[in-house]
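Novice:
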Amino acid sequence: MKTKSLKTMHFRLFFLLLLVPFFVQAQNKLSGTVVDNTTKQPIPGANLVVKGSKVSTSTDFSGAFQLSSVNKGDQIVVSFVGFKSQTVIYSGQSSLTVLLQEQDNELKEVVVQVGYGSVKRKDATGSVTTLATKDFNKGVNVSTENMLTGRVAGLSINSSGAPGSLSEIRIRGGSSLFASNDPLIVIDGLPLENTTNTGSASFLASLNPSTVESMTVLKDASATAIYGSRASNGVIIITTKKGSKTLSVDYNVQFGAGELVNTVDVLSPTAFRNTIAQVRPQDLDKLGTANTNWQEAIYRNTGLVDQNLAVRGSLFGVIPTSLTLGNTDQQGLRITNEFKRNTVGLVMNPSFFENHLKVKLSANYANERNRFTDAVEGAAIGFDPTQPIRVDGAPYGGFFEYTSGVDANGNYPLIAIAARNPVAQLLQTNDRGKSNRLFGNFEIDYKFHFLPSLRAVVNLGFDESNGERRRLVGANAGSAPSNNNIPFGTDEYSESTRRNKLIDAYFVYNKSFNDFNVELTGGHSYQKFESNRFDTGNILNPDLPSTFPETTLNTDVVLLGFFGRSNINFKNKYLLTLSYRRDGSSRFEKESRWGNFPSAAFAWKVKEDLFKDSNVVSDLKLRLSYGITGQQDIPDPNGYLEKYDLGGGNSQYQFGNAYFPIALPSKRTKNLKWEETVSYNAGLDFGVFNNVITGAVDVFYKEAKDLLVNAAISDGSNFSNRVYQNVGSFTTKGIEFTLNATPIKTENFNWNVNFNAAKFERRIKDLVYGTDIYVGDNIAGTGTPGQLFREGYTPYSFYVYKQLYDTNGKAIEGAFADLNGDNIKNDSDRYIYNNPDPDVTLGFASTMNYKDIDFSFNLRASIGNRIFNAVDASRAQYEAMENGGILSNVPSSILDTNFQTTSNVLLSDIYIEDASYLKMDNVTLGYTFRKIMNENTSLRMFTGVQNVFVLTKYSGLDPEITNNGVDKTIYPRQRTILFGLNLKF
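Here the numbering used here is used: the first residue of the sequence shown is 26, the next is one more, and so on.
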């Protein structure tokens, strides 16, 4: 009986073994990609479900997927928000490419980059804004940050007129008083150092904007706290374009012609002569015979050529690759200013072992060449308009300069107090810089075969910049340095290397448990910054200190971090994000080196609970967040150490006839610790009418504590009278609103608009001993700052006298309100009158497409911001028309005020002006010729204008300035006419 049973069991086992090949053959693995049928770009986060079963998966960031246990005849449903679902019948193929068609009036799903990972936009719990290529600003975007100008609520970008120069970038107003307010910039997982190297126009000028695929702005602490020590001012994550499996080639070129739009309003040559005749008749003999507009003379019409070639495809059929070559040549308005850049961008992102191993190599090389220029606007504003630019036979290269005649040695000593010829200063100064920079990262992402829910990620980042700069000014240049007013020229050379190394290693665990989906991230980060510098000094200086040439090896800055994050999703309706980072910085001593930065955020998809069947509300999500971020970016990397600095040429000791440099004790900052910012945010994301209209509202409050302040200390307590200390706190509160809409979408006509608005208020809460701190530039001469920090007020509030007026409304010179009632004009009569912060900022972008015609424009507005017009305050007085026998031009506002003496009116509130403005940054019109050679070839031709117009009541050159609201002249922004081509095949 036992034998028969044993035989039966063996027979059954044998029968099952015979069936195994059939089961193996019937159940297969399917891999492939899901792409947008229109753009042919991969779609991350698409869902694939085998109909009638529990077999499912989703695509990764590159649009790739792998589906197991698929049988012939199975129906695979492929879906993605904003696209029409597609059902594919499995017929035994090993690979599959699914093309999804965009669905009308649906919100396309967006994958948002966050620190050490990504999340679907609909699942984001923090205040995050992402812009893709199609959303970027059009026009002249030589530097990457300009593509975001006016497009993100709460983000302000203020750019100079100099090509390639660094913009002032602020997210929600910044979070510090004396330390950096710049946001952290992260490119493909590599956090950058916000320092511009020698020879470069800016640290972002090395990145070719055409290589950028998306930019994500992280604004609240929930989104930024994972970056810990550098996240107080927000984070901007830049993602570059990746390779694809299909070949595509894009060639873009644009040409531009720029011109000067406006100048500071000063007296014309005729008005200048008339005014001298009226108020200084004794100086009529000092007038010249020329008629020179010095501001127009230092500027020129400019040219721009910007071209890029991008090739994307699969190398050897297995390595998705993107190669971008770029060339930019832009002239600045100043007659010798140039910016030239050549770039190469390479990205390789292959996958191996059925997408278990993903590798990404990103490398960017930039060669930058600049000709820098001196800021000669001040000289051009004040130079006598009756003097010529050139004089035949003049001693200083044929240029007019003020001299005291010829001396016994045949030299022509310059008059020390006279301004130098600004045109000559530009033409006779050859200040050139070069920068070679290589940066990128190598990332390995491995999904364990034995545990597919677990991934290990290692990211190695590297950034090295080698720059050099040489400044040459001949001895025949009046602007050259001099001894006894006789120029000896300039020949100085400097070079510098900056290096940034990064190692990130972390695990990501993602698993679904019934109604829960949990993603856990934990890891370690190490980043090291190195730099050195070499300077020759001015080798033409006869008094050049013996310490030159000098080599400086700066102290390394090291940042260590341990971080963790959990994303918990319950029923795809309730979302919880918790993060924690512990950071250590070498800038602080051992006892206070480490900081802790936690955050928490919760989101509720209200739509799923309360408006599930609504035909009006298509999306509604509530977000709440809290977090702590840090700040450690102060200039001194080792201020806590006892150290000595070798003295320069002015710190030498004499032994006999020899001079020797001495060692000087350096100031020491003891007990310094992290500056911390505590943030709260509440937001509401919404969509109505099938997401024809979408938007978000955010309110926030943040408090920066233990501010890093370069504050005064008691005499004799240190080797300096000021050191960095943790002093005081200040708060920022505000509200932001974003609206996206597609008012019209038909077969032939589409219209998309974006509107954003932001308002914030900053207030200083505590200062050391409640003492005011005078800040800001001197308005005219030493000891004339017009701003201060005071408890209860906005940083950099204007601190001025209250101007009095006569019965006709005309300002009375030197007459100010006696605010303290002591009948004496003194500092106690000054008061706080407004501040540079705007009441509200607005942005509006519009894009229209009619068949093959496209038309777009961008508008920005700032309402309620104030500017201290220091040009008028320091120059618009009759006494400023002559100094030491030299005549100077003055602003034409003098004809309205008739002010005589600068010191009488210098700090009057009359110079605080409303600088509200409306700007059109760009307008573009294009036409696309399709199928010009084959189905996949198109040619778009476009034309446009950059810096179209500015509407403002501000009397100065431009209402958009940096320098904390004090206008002491700026490099003006040019208006550029553009024409370009975009060829795709």
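C-beta: ideal position from N, C-alpha, C; glycine also. From a predicted model like this one, the values you see are computed outputs, not experimental measurements.
Roughly how far, in whole angstroms, is the beta-carbon of PHE1010 from the beta-carbon of THR962, given that I think they are within contact range, below 8 Å?
Specialist: 4 Å
Novice: Where does GLN679 land, buried or exposed, given buried means 16+ other C-beta within 10 angstroms?
Specialist: By the C-beta density criterion, GLN679 is exposed, having fewer than 16 other C-beta atoms within 10 angstroms.
Novice: Give me, in chain order, the residues of the same chain whose beta-carbon lies closer than 6 Å to that of SER93; leave out the 5 immediate sequence neighbours on both sides.
Specialist: LYS54
Novice: Output the boundary residues of the beta strand (DSSP E) element that contains LYS536.
Specialist: 515-538
Novice: Are the CB atoms of SER591 and LEU601 nearer to each other than 9 Å?
Specialist: yes
Novice: Tell me whether VAL74 sits in a helix, a strand or coil according to DSSP, three-state version.
Specialist: strand
Novice: Assess, as a yes-or-no matter, whether the stretch 271-290 is touched by the stretch 360-376 under the definition of 3 or more beta carbon pairs within less than 8 Å.
Specialist: No, the stretch 360-376 is not in contact with the stretch 271-290.
Novice: Starting from the Cα of VAL533, find the closest Cα among ASP470, LEU125 and PHE541 and give me that residue.
Specialist: ASP470
Novice: Heavy atom of the ligand MN less than 8 Å from the Cβ of PHE714, yes or no?
Specialist: Questions concerning the ligand MN fall outside what the structure shown contains, since it holds no ligand whatsoever.
Novice: Once DSSP output is grouped into helix, strand and coil, what is the label at TRP776?
Specialist: strand
Novice: Figure out for me which residue from SER928, GLY1005 and ASN833 has the closest Cα to the Cα of VAL970.
Specialist: Checked all of SER928, GLY1005 and ASN833; the closest Cα to VAL970 is GLY1005.
Novice: Considering Cα atoms alone, identify which of ILE995, LEU1008, VAL498 and ARG1000 is closest to ALA404.
Specialist: ILE995
Novice: Leaving out five residues before and five after ASP207 in sequence, what residues of the same chain have Cβ atoms less than 7 Å from its Cβ?
Specialist: Only residues of its own chain outside the window of five on either side were considered, and among them ILE194, ASN219 and ASN258 have a CB closer than 7 Å to the CB of ASP207, listed in chain order.
Novice: Within 10 angstroms of its Cβ, does LEU733 collect 16 or more other Cβ (buried), or is it exposed?
Specialist: buried
Novice: Would you say the stretch 834-846 touches the stretch 730-749, given that touching needs at least three Cβ pairs under 8 Å?
Specialist: Contact fails: fewer than three Cβ-Cβ distances are below 8 Å.
Novice: Have a look at GLY857 and TYR826 and give me their C-alpha separation to the nearest angstrom.
Specialist: It should be pointed out that residue 857 corresponds to Ile in this sequence rather than to Gly. Cα to Cα, the separation comes out at about 9 Å.
Novice: At which residue ranges does the stretch 626-704 contain complete alpha helix (DSSP H) runs of 4 or more residues, listed in the order of the chain?
Specialist: DSSP runs (the alpha helix (DSSP H)) wholly in the stretch 626-704: 631-635.
Novice: Rounded to whole angstroms, what's the CA-CA distance from LEU1019 to ASN803? Just pull it up for me.
Specialist: Since the first residue shown for the chain is 26 and the last is 1010, residue 1019 is missing from the structure and cannot be characterised.
Novice: Here's the rule: buried if 16 or more other CB atoms are within 10 angstroms of the residue's CB, otherwise exposed. What is GLU426?
Specialist: Result: buried.
Novice: Can you tell me whether LYS978 is helix, strand or coil according to DSSP?
Specialist: Residue state, collapsed to three classes: coil.
Novice: Within 10 angstroms of its Cβ, does ARG998 collect 16 or more other Cβ (buried), or is it exposed?
Specialist: buried
Novice: Starting from ASP290, trace the alpha helix (DSSP H) in both directions and tell me its first and last residue.
Specialist: ASP290 -> no alpha helix (DSSP H), and no H or E assigned at all.
Novice: From what residue to what residue does the alpha helix (DSSP H) around VAL948 run?
Specialist: First-last for VAL948: 942-955, but that is the beta strand (DSSP E), not the alpha helix (DSSP H).
Novice: Rank LEU451, LYS526, ASP710 and SER507 by C-alpha distance to the C-alpha of LEU439 and give the top, closest one.
Specialist: SER507
Novice: Ordered along the chain, which non-local residues of its own chain (more than five positions away) have a Cβ less than 6 Å from that of ALA625?
Specialist: LEU603 and TYR651
Novice: Tell me, please, which residues DSSP counts as bridged to ARG305.
Specialist: The partner list for ARG305 (beta bridge, DSSP) is empty, contrary to what the question assumes.
Novice: Considering only the alpha carbon of each residue, which of ASN777, PHE780, SER822 and ALA782 lies closest to ILE798?
Specialist: SER822
Novice: Assess, as a yes-or-no matter, whether the stretch 170-182 is touched by the stretch 862-873 under the definition of 3 or more beta carbon pairs within less than 8 Å.
Specialist: The stretch 862-873 vs the stretch 170-182: in contact.
Novice: Just tell me which of LEU243, SER56, LYS956 and PRO234 has its CA closest to the CA of ARG146.
Specialist: LEU243
Novice: What's the call for ARG787, buried or exposed, on a 16-neighbour Cβ count within 10 Å?
Specialist: Buried is the call here.
Novice: Which residue from SER190, VAL752 and ALA766 puts its Cα closest to that of VAL793?
Specialist: Measuring from the Cα of VAL793, the nearest candidate turns out to be VAL752.
Novice: Alpha carbon to alpha carbon, what distance is there between LYS956 and GLY199?
Specialist: 49 Å
Novice: Would you grab the beta carbon distance between GLU493 and THR223 for me? Rounded to a whole angstrom, and I think it's under 8 Å.
Specialist: 6 Å
Novice: Hey, quick one: how far does the beta strand (DSSP E) through THR580 stretch, first residue to last?
Specialist: For THR580, no beta strand (DSSP E) run applies, since DSSP gives it neither H nor E.
Novice: Could you tell me which of PHE473, VAL717, VAL722 and GLY806 sits nearest to THR771, measuring between CA atoms?
Specialist: VAL717
Novice: So what's GLU402 in DSSP terms, helix, strand or just coil?
Specialist: helix
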